[in-house]
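Q: First the structure, which I've put down as structure tokens, then a few questions once you've had a look.
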Amino acid sequence: MRFSLEVTPGPTYLLVEAAGPMDLGHLCGMFDLAAQVCEMNGHRRVLFILVAAQVDLSFTQHLHLGAHAAHSLRKLERAASVVTAASRRGTSEKSAQKHGLVFRTFTEAAEAAVWVGASDDVGAPGA
250 MRFSLEVTPG PTYLLVEAAG PMDLGHLCGM FDLAAQVCEM NGHRRVLFIL VAAQVDLSFT
310 QHLHLGAHAA HSLRKLERAA SVVTAASRRG TSEKSAQKHG LVFRTFTEAA EAAVWVGASD
370 DVGAPGA
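To get the numbering used here, take the position in the sequence shown, counting from 1, and add 249.
Listed below in structure tokens is the structure:
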């Protein structure tokens, strides 16, 4: 199976859906692509759907991924990802938050979509 991305602009956020095997380079590239599309098209929020992606990162790679996400997406108001319950670790999420990104990981797409589209202070870390 090959790696693929589908990028769909929505009224309140950019939707990025990934499928196939993804390593750290693919994931970092996905964040970079989303940041560029958001900047060029005026989006301030992004939702990544990763339930069809096969990701196997080490603890250290998860930390690096979170830091990279925070750097790439630093101009956005908030970002979220959706993963399967089995692949949910929280390491990348916490790393991104520690580096200043308003970022959450969910296991339900509907819940993530509500959070990404919510007013600026709802659900932000520390709110």
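We put the CB at the ideal spot given by N, CA and C, even for glycine. Bear in mind that the values here come from a model prediction, so they are computed numbers and not experimental data.
1) Would you check if the distance between the CB atom of methionine 279 and the CB atom of phenylalanine 252 is smaller than 7 Å?
2) Using a 10 Å radius around the Cβ and a threshold of 16 neighbouring Cβ atoms, would you call glycine 349 buried or exposed?
3) In chain order, what residues of the same chain lie with their CB nearer than 7 Å to the CB of histidine 317, ignoring the 5 residues before and after it?
4) Would the stretch 284-291 and the stretch 336-344 be scored as touching if the rule is three or more Cβ pairs under 8 Å?
5) With DSSP as the reference, label alanine 367 as helix, strand or coil.
6) Nearest to glycine 366 by alpha carbon, out of Arg294, Val332, Ala301?
7) Among residues of its own chain, excluding the 5 on either side of phenylalanine 297, which ones have a beta-carbon nearer than 6 Å to its beta-carbon?
8) Measure the C-alpha to C-alpha separation of threonine 261 and histidine 292 and round it to an integer number of angstroms.
9) Taking glycine 269 as the reference, which of Val256, Leu299, Leu282 has the closest Cα?
10) What is the DSSP secondary structure of proline 273, reduced to helix, strand or coil?
11) Comparing C-alpha positions only, which one of Ala358, Leu306, Val363, Arg327 sits nearest to valine 351?
12) I'd like to know whether the C-beta atoms of serine 344 and leucine 322 end up nearer to each other than 7 Å.
13) Rounded to whole angstroms, what is the Cα-Cα separation between serine 307 and glycine 274?
A: In terms of the structure at hand:
1) Taking C-beta atoms as the reference points, methionine 279 and phenylalanine 252 fail to come closer than 7 Å.
2) exposed
3) Closer than 7 Å at the Cβ level, and outside the excluded window around histidine 317, lie Cys277, Phe280.
4) no
5) In the three-state reduction of the DSSP assignment, alanine 367 falls in the coil class, being assigned neither a helical nor a strand state.
6) Arg294
7) Val265, Ser330
8) Each residue's Cα considered, the two are about 7 Å apart.
9) Leu299
10) Reading off the sequence shown, one finds leucine at residue 273, where the question assumed proline. Correct three-state label for leucine 273: helix.
11) Arg327
12) no
13) 13 Å
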